[in-house]
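Participant: In my numbering, the protein residues as written are 459 to 501. Idealized CB from N, CA, C, for every residue including glycine. Since the structure is predicted, the reported quantities are computational estimates derived from the model, not experimental observations.
1. Quick one: residues in its chain with C-beta nearer than 8 angstroms to the C-beta of residue 485, no 5 flanking neighbours on either side, listed in chain order?
2. Less than 7 angstroms between C-beta atoms, sequence neighbours within five positions excluded: which residues of the same chain meet that for residue 469?
3. For residue 478 and residue 498, I'd like the C-alpha separation in whole angstroms.
4. Please report how far the alpha carbon of residue 488 lies from the alpha carbon of residue 481, in whole angstroms.
5. The beta strand (DSSP E) spanning residue 476 covers which residue range?
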């Protein structure tokens, strides 16, 4: 099953969800990449 509760596609080769601007690892509960809104909404 490639789509899960997030509605995003799970890449089976790397085991991460592709959210467009960033990837998410559901096993570690971490995001890979900088949040594109980080500069506009610090904190």
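Facilitator: Checking against the coordinates, here is how it stands:
1. 473
2. 476
3. 18 angstroms
4. 9 angstroms
5. 474-476
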